[in-house]
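Worksheet for the structure shown next.
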Ligand code: CA
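Numbering (the working numbering), first residue to last: 18 to 558.
Here you go:
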């Protein structure tokens, strides 16, 4: 506790010092000695192919703070960064202590130490804050002149460019980006459908009928009325347990734009009134898990082995992994992925999607003497070869090429830990190193049904509609203060009321107007206006 206080005080002093220095001299941009463009003739033992990736004529070592996800800390055993060094002539030397088990704490300690290494991994808000105070190099010019692959992505994704741009108009962090946005899907028990002679539902009404049959016609065949229709495991945003059910009634509970292009949030819209009444109706008829608000993160592990769960909306690879696991215990057990049923308005859309940005990424400190080389190195990880290296590791060791595509070797596929953890321990798939995510590896983490479902959602185009979920927005400090001071109270009230009405829909008509005006008095309109302003700013950039 004492240490934390001291640390906070040190961080404050440092912040003040950085602000002073930021005022007295402009942060250097591309003043470091420029090396020749990658791909030009360079001496050394590299192969011809490798020369294309050289970021420096002579080998250089950059100090780097990479301490990500509380577990993954840059060290000399990372074979993937060592392989990159062979190709680029740039080595990384880790400065963060693996003894520290809290990445945020490690970042704060590094900042407070005043000894900021050449490269720094960290979340965007922190990087931008200290960047604007003079600790990190503005990267705009460096990207423009020396990072063609990063530039190409940002030009093609103006929403991401706007989101990563700090309030002073500069970019300080090269972000980790998701290129495939599919995350969750609807899954239904095919064996139960067959048993009851039903088809997979394609509309909200058909879903109602299927769920009704599931909970009344004993598809698990034990003579008891113990089936659970629709259940959930995940709950987002901020713990809305019936998020997926609401989507069937036309409501997105993410920040999104409505038909008029205006920003809104699902639980503060006129449409929500009818939607929550429908949720309550389904709940009262037993179509939704009675314990949906309390079941928790183990719901699949409870309801599938007991042969009780019928329909779930959840992540694709992990949900499909129950097929081989459970079919030993429950003969015939089979989950299949289906497209989102047509909602009450006749629209087909998927409520869940990844954001393009995870928030993680890395920056360059003003102490870095090799800024041009460093930005070229950051750019290397955005080339196909860099992405393959970060995702699949070393050819012949962790993967081989099969029909032109990388395939993990058995040492990865048969390892006791999941693929991503295995690769991270070798220095791959590290979000704090600001490169594109390659979702192709997820296909190695699922079964045939999972791959089919991924393809189904990918081809149908049901994911990532702007009127479902806004991209990450960039807020000013003032805007952020308003949101963090007012929104949590609004959100708590929304979710309390959501649960209350799910249990008793008869109260909605009488209470809805008062609910809306209570939220208004809590400041929801100001929060919406703040999101609108940030959204409009993004569109202007
Ligand atoms: Ca039964």
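Glycine included, C-beta positions come from ideal geometry on N, C-alpha and C.
Around the beta carbon of residue 224, 16 or more other beta carbons lie within 10 angstroms, which makes this residue buried.
Secondary-structure assignment with DSSP links residue 78 through a beta bridge to 108. Under the three-state reduction of DSSP output, residue 331 falls in the strand class. Residue 133 is positioned such that its CB atom lies closer than 8 angstroms to that of residue 152. In the three-state DSSP reduction, residue 425 falls in the strand class (E or B). Secondary structure within the stretch 360-428: the beta strand (DSSP E) runs of 3 or more consecutive residues, fully enclosed, are 374-381, 416-419, 422-425 (chain order).
With contacts defined by Cβ atoms closer than 8 angstroms, residue 525 and residue 163 do not form a contacting pair.
If you check the CB distance, residue 544 and residue 517 do not come in under 8 angstroms. In this structure, DSSP gives residue 248 an extended state, which the three-state scheme calls strand.
In the DSSP assignment, residue 529 falls within the alpha helix (DSSP H) that extends over 525-539. Residue pairing by DSSP puts residue 204 in a beta bridge opposite 329, 354. By the 16-neighbour rule on beta-carbons within 10 angstroms, residue 116 is exposed. Distances between the C-beta of residue 229 and the heavy atoms of ligand 1 are all 7 angstroms or more. Going by C-alpha positions, residue 489 is about 13 angstroms away from residue 274. At least one heavy atom of ligand 1 sits closer than 7 angstroms to the Cβ of residue 241. Pairwise C-beta distances place the stretch 343-350 out of contact with the stretch 428-437, as fewer than three of them are shorter than 8 angstroms. Inclusion of residue 237 in the 7 angstroms shell around ligand 1 follows from its C-beta lying nearer than that to a non-hydrogen atom of the ligand. Sequence-distant Cβ neighbours of residue 227 in its own chain, meaning closer than 6 angstroms and more than five residues away, are 215, 218. Between residue 89 and residue 405, the beta carbon gap of about 19 angstroms keeps them out of contact (Cβ cut-off 8 angstroms). Distance from residue 104 to residue 79 at the Cβ level is roughly 15 angstroms; contact not present, criterion being Cβ atoms closer than 8 angstroms. Residue 148 is not a Cβ neighbour of residue 124, given a cutoff of 8 angstroms. When the alpha-carbon of residue 165 is set against those of 393, 424, 317, the nearest one is in 393. The Cβ atoms of residue 193 and residue 402 do not sit closer than 8 angstroms to each other. Shown here, residue 95 sits in coil according to DSSP, grouped into three states, outside any helix or strand. For residue 175, the enclosing alpha helix (DSSP H) stretches over residues 175-181.
In this structure, the CA atom of residue 154 is about 14 angstroms from the CA atom of residue 143.
CA-to-CA, the gap between residue 460 and residue 487 works out to about 27 angstroms. If you draw a straight line from the Cα of residue 331 to the Cα of residue 174, it is about 27 angstroms long. In the structure shown, residue 89 adopts extended strand secondary structure according to DSSP, grouped into three states. Residue 262 sits in a helix when the DSSP states are folded into three classes. Secondary structure of residue 199 (DSSP, three-state): coil. One thing to note: residue 381 has its Cβ within 8 angstroms of the Cβ of residue 135.
One Cα belongs to residue 159, the other to residue 365, and the distance between them is close to 43 angstroms.
Pairing residue 85 with residue 438 gives a Cβ-Cβ distance that is not under 8 angstroms.
For residue 293, the uninterrupted alpha helix (DSSP H) run begins and ends at 288-301, by DSSP. The continuous stretches of alpha helix (DSSP H) do not include residue 280, which lies in the beta strand (DSSP E) extending over residues 280-282.
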